[in-house]
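**Q** Residue 93 in the numbering used here is what sits at position 91 of the sequence shown, and the numbering runs on without skipping anything. Ideal placement from N, C-alpha and C gives every residue a C-beta, glycine not left out.
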Amino acid sequence: ARLTGVRPGLRRFVVDAPHHEPCYFELVLMPGETRDLGLVKLRPAAGKIIVRLTGMREGMTYIVHVGQPRGAAIRMELSVTTREVVFERLPLRTYLVAVAPGESGGRPVSAQAALTELESEAVVEFDVSGLEPAKRR
């Protein structure tokens, strides 16, 4: 990776790719400096979030959303009719997991799941029996 045309001073950079752990750099750059970072190797992500739904209603679809609190650097959404959905190869960080009725939206239920080096897998369970689709006007 080569940096050129970056404002001088202390700069923070992140090299990121889907399904990989990000790599962070903090550099002090001089005016007009070009910096070669060399080959940046990213480690494959090993995080996993298992979302289990109880109280599902027959014929109802649910939207399961996994993203980052206060940001959408990583955001995945699936429409499901099954009791369990698995998100794999996630970078280690804290995620917001939410479930909402699939038909025309509705108020979601949510919880945080933290993936760390020590605990790279999280199971989040939701009782969705109280979820209602948004009322149409």
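1. State the Cα-Cα distance for the pair E119 and L133, rounded to the nearest angstrom.
2. As a quick exercise: from V87, G49, T84, G108, pick the residue whose alpha carbon is nearest that of T96.
3. Taking the CB atoms as reference points, tell me whether R54 and E127 lie closer together than 8 Å.
4. Ends of the beta strand (DSSP E) at H67?
5. Near A19, which residues of its chain fall below 8 Å by C-beta distance, leaving aside the five closest residues on each side in sequence?
6. Can you tell me whether P10 is buried or exposed? The criterion is at least 16 other CB atoms within 10 Å of its CB, across all chains shown.
7. Could you check what DSSP says for G61 in three-state terms: helix, strand or coil?
8. In terms of residue numbering, what span does the beta strand (DSSP E) encompassing R45 cover?
9. Determine which residues share a DSSP beta bridge with K50 and list them.
10. What does the Cβ neighbour count give for D102, buried or exposed, with the cut at 16 atoms within 10 Å?
11. Excluding sequence positions up to five away, which residues of its chain have a Cβ less than 8 Å from the Cβ of S122?
12. Just reading off the beta strand (DSSP E) that P33 is part of, what are its end residues?
13. Check whether the stretch 22-30 touches the stretch 58-71, counting contact only when three or more Cβ pairs, one atom from each stretch, lie closer than 8 Å.
**A** The short version:
1. 34 Å
2. G49
3. yes
4. 64-70
5. L44
6. exposed
7. coil
8. Where R45 is concerned, there is no enclosing beta strand (DSSP E), given that its DSSP letter is neither H nor E.
9. E90, E123
10. Here residue 102 turns out to be Ala, not Asp, going by the sequence shown. With 16 or more Cβ atoms within 10 Å of its Cβ, A102 is classed as buried.
11. A48, G49, K50, L94
12. Run containing P33: none; DSSP gives neither H nor E here.
13. no
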